[in-house]
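What follows is a set of notes on a single structure, which appears directly below.
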Amino acid sequence: MASLVKHEKNAMSGDEAVAYAAKQSDVDVVAAYPITPQTIIVEKFSEYVANGEVETEFVCVESEHSAMAACLSASVTGARAFTATASAGLALMHEMLFVTSGCRAPVVMAVVNRALSAPLNIHCDHSDSMAQRDSGWIQLYAENAQEAYDSIIQAFRIAEDLDVLLPVMVGLDGFTLSHTLENVETLPDDAVKKFVGTRRLPNVLTHEGKTVPFKLDPDNPMTMGPIALQNYYFEFKRQQEEAMKNALTVIQQVNDEFAELSGRKYGNGLVDAYCLDDAEIAAVCLGSTAGTMKTIVDELRQEGVKAGLLRLRTFRPLSVEEIRSALESVKAIAVMDKSMSFGGYGGAVFHEVRHALYEANAQPFVVNYIYGLGGRDTSPRELRGIYEDLQRILQTKRVENPIQYLGLRE
Amino acid sequence: MTVKDKGWKEIAPAGVCSKASTDFLTGDWKTYTPLRDPVKCTRCLLCVAFCPDGAIHWRPEKGDIEFDTRYCKGCGICANECPTKAITMKFEQE
Chain X
1 MASLVKHEKN
11 AMSGDEAVAY
21 AAKQSDVDVV
31 AAYPITPQTI
41 IVEKFSEYVA
51 NGEVETEFVC
61 VESEHSAMAA
71 CLSASVTGAR
81 AFTATASAGL
91 ALMHEMLFVT
101 SGCRAPVVMA
111 VVNRALSAPL
121 NIHCDHSDSM
131 AQRDSGWIQL
141 YAENAQEAYD
151 SIIQAFRIAE
161 DLDVLLPVMV
171 GLDGFTLSHT
181 LENVETLPDD
191 AVKKFVGTRR
201 LPNVLTHEGK
211 TVPFKLDPDN
221 PMTMGPIALQ
231 NYYFEFKRQQ
241 EEAMKNALTV
251 IQQVNDEFAE
261 LSGRKYGNGL
271 VDAYCLDDAE
281 IAAVCLGSTA
291 GTMKTIVDEL
301 RQEGVKAGLL
311 RLRTFRPLSV
321 EEIRSALESV
331 KAIAVMDKSM
341 SFGGYGGAVF
351 HEVRHALYEA
361 NAQPFVVNYI
371 YGLGGRDTSP
381 RELRGIYEDL
391 QRILQTKRVE
401 NPIQYLGLRE
Chain S
1001 MTVKDKGWKE
1011 IAPAGVCSKA
1021 STDFLTGDWK
1031 TYTPLRDPVK
1041 CTRCLLCVAF
1051 CPDGAIHWRP
1061 EKGDIEFDTR
1071 YCKGCGICAN
1081 ECPTKAITMK
1091 FEQE
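Chains as they are written, first to last, in my numbering: chain X, 1 to 410; chain S, 1001 to 1094.
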């Protein structure tokens, strides 16, 4: 795909790529807690501030709860706000995540996906963001540092779209993407600035009877997020659900528009299908695992095995129809979860994908693989074993154990 | 309350209020109403200062206080603080 603008190739870690994207996206306020489990993202961004490379107000706060409170506050004044966190930091933000989405504040946050204690571990898995999947935030998961860079830029457009107005978290796998160097093609500053544009605001009717832009402004006072009891709370939650539905369209539009600019495209923005058209067996995963899985699919294809892969690039909102149409003709499917939903039937991604297939024309075998918790390495051999299991299921027409733990010692 | 509540498609996002806080008559939350004995009352105005809802007003033209029951939530702080026990809280019955 041709690109409209000249790229610069940089050796960057995922963290740097995210910081650089935020730098180019003309962010007004960054508030962050700078200590563990924080990553290099805000450290790098604070360097831009110190060097005078950005005009951003950088607020060092005393906790992640405060970081999100500060981003929310900035965002409701009409500013563009960004932060980054991981693991326990995201967990500490939990309360404010709901306030931010409820106030329809389009904050963008990078989440470096890391495990939650105890036992203490800050290596890669998806426990942190999966625990926040019902917080009203849009969730994108990047496959590589390049996509992390691209997704941060796109996230501002998605979040600030007037039909959406929801916060977006962009997940990138801890260490696997955040701390390893990769060739990242960056766009020129002016191209990103133009793509992201300036924030637009919808008009709302205030208590003074004025119709004014939706922001806190002393000249046009308004109340946001006040008490809404049994008679109104429900209606506001329904609005957020509608915004999520609108996001399904906006994410695809922004993905297309970004492709015209950069030449890079991530499936349709919602799901990224690989060799699925005639696939008999397929895996479903999020994040960086997809990179390894694609090489395994390539190997299997060379051997004549009809294998495919579906990567969920967007987990919230869930693109039920896309998932169904992508997987409907596949006969056996393995859904991969890098987190646990304790006491549930398999992991969160498994719940969602199996659920999406309930109304499919054919009922494929759908099994779950929980893997890589706490940064446990998953080898290509183990991942290939998933496809071999699926082949066995197809031959025997039997599933012995629908929920498997990959790489776990007995 | 005769106004029909609006549907989710009609209301502004994030609970932005199209009415001022004074338009919400929070007095209908209460189950107890303050009753004052004007003989015991010394007009010390402690109740005016303590009322968390600003629902007790000093009326200089009358030289007296006035309870605004449209906003009084019936918390009873006024009765508790009154030094001459001039205020009693009466249970409201339909």
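Every residue, glycine too, gets a C-beta built ideally from N, C-alpha and C.
Output the residue ranges of the beta strand (DSSP E) runs that lie fully inside the segment 167-214 of chain X and measure 3 residues or longer, sorted by chain position. 168-173, 181-186, 203-205, 211-213
Using 7 Å as the limit for Cβ to Cβ distance, is residue 98 of chain X near chain S? no
Could you check the C-alpha separation between residue 73 of chain X and residue 97 of chain X for me, to the nearest Å? 12 Å
Contacting residues, own chain, Cβ-Cβ under 7 Å from residue 184 of chain X (five flanking each side not counted): 10, 12, 17, 145, 146, 149
Does DSSP put residue 1036 of chain S in a helix, in a strand, or in coil? strand
Between the segment 20-28 of chain X and the segment 58-66 of chain X, do three or more beta carbon pairs fall short of 8 Å? no
Residue 213 of chain X to residue 200 of chain X span [Cα, whole Å]: 9 Å
Of the residues that make up the segment 1004-1023 of chain S, which ones have a beta carbon closer than 7 Å to any beta carbon in chain X? 1005, 1007, 1008, 1011, 1012, 1013, 1014, 1015, 1016, 1017, 1018, 1019, 1020
I need the boundaries of the beta strand (DSSP E) containing residue 1030 of chain S, first residue and last residue. It is not in any beta strand (DSSP E) - residue 1030 of chain S carries neither H nor E in the DSSP assignment.
I'd like to know if residue 136 of chain X contacts chain S, where contact means its C-beta is closer than 7 Å to some C-beta of that chain. no
Backbone secondary structure at residue 277 of chain X - three-state DSSP: coil
Starting from residue 342 of chain X, trace the alpha helix (DSSP H) both ways and give me its first and last residue. Neither: residue 342 of chain X is in no alpha helix (DSSP H) and is coded neither H nor E.
Limits of the beta strand (DSSP E) - the one that residue 144 of chain X falls within: From DSSP, residue 144 of chain X is part of no beta strand (DSSP E); its letter is neither H nor E.
For residue 42 of chain X and residue 255 of chain X, I'd like the C-alpha separation in whole angstroms. 26 Å
If you check the beta carbons only, do residue 330 of chain X and residue 349 of chain X fall under 7 Å apart? no
Residues that DSSP places opposite residue 368 of chain X in a beta bridge: X/335, X/403
Report buried or exposed for residue 1029 of chain S, applying the criterion of at least 16 other Cβ atoms within 10 angstroms of its Cβ. exposed
Proximal chain S residues relative to residue 207 of chain X, where beta-carbon distance stays under 7 Å: 1017, 1018, 1019, 1020
Based on the DSSP output, what are the partners of residue 29 of chain X in its beta bridges? X/57, X/81
Local Cβ density within 10 Å of residue 1004 of chain S, reported as buried at 16 or more and exposed below that: exposed
So, do the segment 97-108 of chain X and the segment 120-129 of chain X have three or more beta carbon pairs nearer to each other than 8 Å? no
Which value, in whole angstroms, describes the spacing of the CA atoms of residue 1070 of chain S and residue 1056 of chain S? 11 Å
Is residue 338 of chain X buried or exposed, if buried means 16 or more other CB atoms sit within 10 Å of its CB? buried
Against residue 285 of chain X, what residues of chain S qualify as contacts under a CB-to-CB distance less than 8 Å, listed in chain order? Per Cβ cutoff of 8 Å: no residues; residue 285 of chain X is ~34 Å from chain S at best.
By the 8 Å beta-carbon criterion, what residues does the segment 164-179 of chain X contribute toward chain S? 165
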